[in-house]
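One point on numbering: in this note's numbering, the residue at position 170 of the sequence shown is 170, and numbering is uninterrupted.
By construction, the Cβ of each residue, glycine as well, lies at the ideal position given by its N, Cα and C atoms.
Structure, as structure tokens:
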Amino acid sequence: MIVVFVLGCAQPNSLSGPSSSPGHLAANSDLKVSNTDSDAVGSEDGIEEAGSEVNNGSSEKRDDADGNQGMLDSALELAEVSQEYWAAGDTDKALEALDQAYTLILQVEASADERLSQQKDDLRFMISKRVMEIYASRFRATNGNHNEIPLTLNQYVEREIKLFQTTERQFFLESYQRSGKYRPQITKAIRDAGLPEDLSWLPLIESGFKVRALSRARALGLWQFIPSTGYKFGLKRNAWVDERLDPEKATDAAIAYLKELHQIFGDWASVLAAYNCGEGRVLRVIRSQQINYLDNFWDLFERLPWETARYYPRFLATLHILKEPEKYGFKLETPDSPLPYEKIAMPKPVRLDALADRLGIADSVLLELNPELRQHATPVGGYLLRVPSGSAENVLASIDSLKEWTPPKRSYVYHRIRRGETLSTIAVRYRSSIRAIMEANNLSRSHFIRAGQRIKVPVKNGASDSV
Numbered sequence: 001m002i003v004v005f006v007l008g009c010a011q012p013n014s015l016s017g018p019s020s021s022p023g024h025l026a027a028n029s030d031l032k033v034s035n036t037d038s039d040a041v042g043s044e045d046g047i048e049e050a051g052s053e054v055n056n057g058s059s060e061k062r063d064d065a066d067g068n069q070g071m072l073d074s075a076l077e078l079a080e081v082s083q084e085y086w087a088a089g090d091t092d093k094a095l096e097a098l099d100q101a102y103t104l105i106l107q108v109e110a111s112a113d114e115r116l117s118q119q120k121d122d123l124r125f126m127i128s129k130r131v132m133e134i135y136a137s138r139f140r141a142t143n144g145n146h147n148e149i150p151l152t153l154n155q156y157v158e159r160e161i162k163l164f165q166t167t168e169r170q171f172f173l174e175s176y177q178r179s180g181k182y183r184p185q186i187t188k189a190i191r192d193a194g195l196p197e198d199l200s201w202l203p204l205i206e207s208g209f210k211v212r213a214l215s216r217a218r219a220l221g222l223w224q225f226i227p228s229t230g231y232k233f234g235l236k237r238n239a240w241v242d243e244r245l246d247p248e249k250a251t252d253a254a255i256a257y258l259k260e261l262h263q264i265f266g267d268w269a270s271v272l273a274a275y276n277c278g279e280g281r282v283l284r285v286i287r288s289q290q291i292n293y294l295d296n297f298w299d300l301f302e303r304l305p306w307e308t309a310r311y312y313p314r315f316l317a318t319l320h321i322l323k324e325p326e327k328y329g330f331k332l333e334t335p336d337s338p339l340p341y342e343k344i345a346m347p348k349p350v351r352l353d354a355l356a357d358r359l360g361i362a363d364s365v366l367l368e369l370n371p372e373l374r375q376h377a378t379p380v381g382g383y384l385l386r387v388p389s390g391s392a393e394n395v396l397a398s399i400d401s402l403k404e405w406t407p408p409k410r411s412y413v414y415h416r417i418r419r420g421e422t423l424s425t426i427a428v429r430y431r432s433s434i435r436a437i438m439e440a441n442n443l444s445r446s447h448f449i450r451a452g453q454r455i456k457v458p459v460k461n462g463a464s465d466s467v
């Protein structure tokens with residue numbers, strides 16, 4: 001299997017999308033398909049005959065140009081052959097033809113010839129794009145097909161199984177127990193999206209099915225989104241809510257991210273590696289190999305960061321144990337059940353503990369149903385609040401009499417920046433946040449600070465004095 005990633009070359013105007021044919025590219029890029037080998041490479045006799053009219057340097061340049069043009073023509077022929085194989089359903093031969101075409105392109109030296117250089121770039125882009133399309137088409141999830149994640153069992157997977165059987169056994173059992181609260185909703189969403197149902201177990205290795213899990217990299221929630229990725233996929237984060245903690249919305253965002261990654265990589269092994277460490281890191285590893293990618297994730301394995309390299313084998317180990325628990329020495333009890341709920345529109349900010357008191361339930365119930373509420377209160381402007389099933393009528397009857405809650409005003413200290421300090425270290429010192437400091441000082445970028453500058457730091461009660 002090959003996948004060629006080409007960065008830094010613009011998409012040719014002649015290539016309109018997956019349906020564009022190599023012939024169309026040729027017509028618009030001055031590329032022609034040669035029918036004979038003699039057209040592709042100038043003959044020795046031809047060079048000698050021209051010797052009376054041009055000097056040796058000119059003839060050598062023409063020979064080189066003819067040879068380079070011939071290789072480009074042959075590469076285009078192979079691209080057309082690949083298209084025919086793909087149309088016939090033979091993806092292996094289609095990829096083999098593209099591999100040969102790309103090898104020819106790499107031999108072309110066209111730096112001094114603008115026309116050849118453009119043709120080379122156009123062909124590189126077209127072949128790279130076609131390879132990704134073919135590769136993705138072999139593995140792309142389709143509705144009703146939920147079994148594309150192959151259950152590989154090798155030394156790396158066996159090592160992770162052994163860890164779950166021993167030092168991480170308690171983690172596995174507790175995570176499995178918690179999974180019941182969230183997996184029914186996750187499984188349905190994944191199934192509706194046409195993705196493999198096995199992906200519903202991903203939160204076990206991401207967060208242990210702990211909805212408030214926070215990593216050292218500041219990834220948060222069941223699906224462990226960092227703020228920037230969460231924002232990219234529509235998860236709101238402000239003073240009132242952090243939707244990375246919302247099981248429903250975070251699941252929808254994770255599905256969108258996984259689908260995007262699958263369009264890039266085409267196989268679930270590489271997708272999950274990219275989910276863990278970012279697609280950019282995986283693409284850099286692929287490019288650093290300086291070979292035409294891969295039919296096999298394990299070719300990448302030793303070049304990935306250790307945590308990421310473990311990630312996919314760890315996921316496969318989870319699936320093996322869950323499919324055959326007795327074989328691996330596990331007795332899995334019935335997992336926890338989801339807490340049934342209904343949603344009520346809250347028109348004003350209300351403290352959850354005050355509402356829980358009216359309903360005669362522990363406020364921890366409302367906190368568990370609404371973990372995304374950072375202030376333990378419903379936000380300004382209205383909010384769809386999850387409440388226990390059967391309590392909607394009581395909630396509606398209580399809304400008018402519940403006091404509208406106003407968050408306390410934030411207090412501030414002033415800090416003079418010392419050499420070597422960053423907003424991150426300052427935020428930790430005062431138990432504040434980078435975002436809060438930036439907003440308080442109208443900073444557009446976190447690095448726009450300098451030694452000696454005096455800034456305002458929002459703090460909570462008990463923070464140290466100004467310095």
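Proximity to residue i [Cα-Cα], best of the options
i: I205; options: A427, R216, I226 and Y176; result: Y176
i: L339; options: P349, H376 and R183; result: R183
i: E471; options: V380, S391, I190 and T422; result: Only positions 1 to 467 of the chain appear in this structure, which leaves residue 471 out of reach.
i: R115; options: Q69, Q155 and L373; result: Q69
i: R212; options: L222, P203 and R218; result: L222
i: S546; options: M71, L72 and L95; result: Since the first and last residues shown for the chain are 1 and 467, residue 546 lies out of range.
i: L195; options: E84, S424, D121 and D267; result: D267
i: I190; options: D92, R124, A250 and V241; result: A250
i: L214; options: P349, K188 and L245; result: L245
i: V387; options: L373, L369 and S444; result: L369
i: K348; options: V271, T378 and V241; result: T378
i: A269; options: E148, G360 and S432; result: E148
i: A440; options: Q375, Q185, I455 and Y275; result: I455
i: T229; options: L261, L367 and T103; result: L261
i: L173; options: L352, I321, M346 and D400; result: I321
In DSSP terms, what residue i is bridged to
i: I344; result: L385
i: Y469; result: This structure gives no information on residue 469, because the portion of the chain shown stretches from 1 to 467.
i: F225; result: L220
i: L214; result: L220
As assigned by DSSP and simplified to three states, the class of residue i
i: I449; result: coil
i: P458; result: strand
i: R303; result: helix
i: L220; result: strand
i: R237; result: strand
i: F315; result: helix
i: F172; result: helix
i: T167; result: coil
i: V81; result: helix
i: R419; result: coil
i: S128; result: helix
i: D465; result: Note that D465 has pLDDT 43, beneath the 50 cutoff, so the model's placement of it is unreliable and no number is given.
i: S401; result: coil
i: T251; result: helix
i: F265; result: helix
i: K32; result: Residue placement at K32 is flagged as unreliable, the pLDDT there being 32, under the threshold of 50; a coordinate-derived value is accordingly withheld.
i: L369; result: helix
i: D336; result: coil
i: L443; result: coil
Extent of the continuous beta strand (DSSP E) to which residue i belongs
i: H376; result: Premise fails: H376 is in no beta strand (DSSP E) and is neither H nor E.
Contact check, residue i vs residue j, beta carbons under 9 angstroms
i: S411; j: E342; result: no
i: A356; j: A362; result: yes
i: I344; j: L384; result: yes
i: P313; j: V157; result: yes
i: F164; j: T406; result: no
i: F468; j: W201; result: The structure shown does not extend to residue 468, since the chain is modelled only from 1 to 467, so the question has no answer here.
i: S364; j: G180; result: no
i: A253; j: F209; result: no
i: V282; j: F301; result: no
i: R178; j: P408; result: no
i: R358; j: L402; result: yes
i: P371; j: P247; result: yes
i: I127; j: A75; result: yes
Residue i - containing alpha helix (DSSP H), residue span
i: R410; result: Where R410 is concerned, there is no enclosing alpha helix (DSSP H), given that its DSSP letter is neither H nor E.
i: D357; result: L352 to L359
i: R244; result: It is not in any alpha helix (DSSP H) - R244 carries neither H nor E in the DSSP assignment.
i: V428; result: L423 to R429
i: R183; result: R183 to D192
i: R435; result: I434 to A440
i: A273; result: W268 to C277
i: K93; result: T91 to L106
i: P203; result: L202 to S207
i: A362; result: Neither: A362 is in no alpha helix (DSSP H) and is coded neither H nor E.
i: L396; result: A392 to S398
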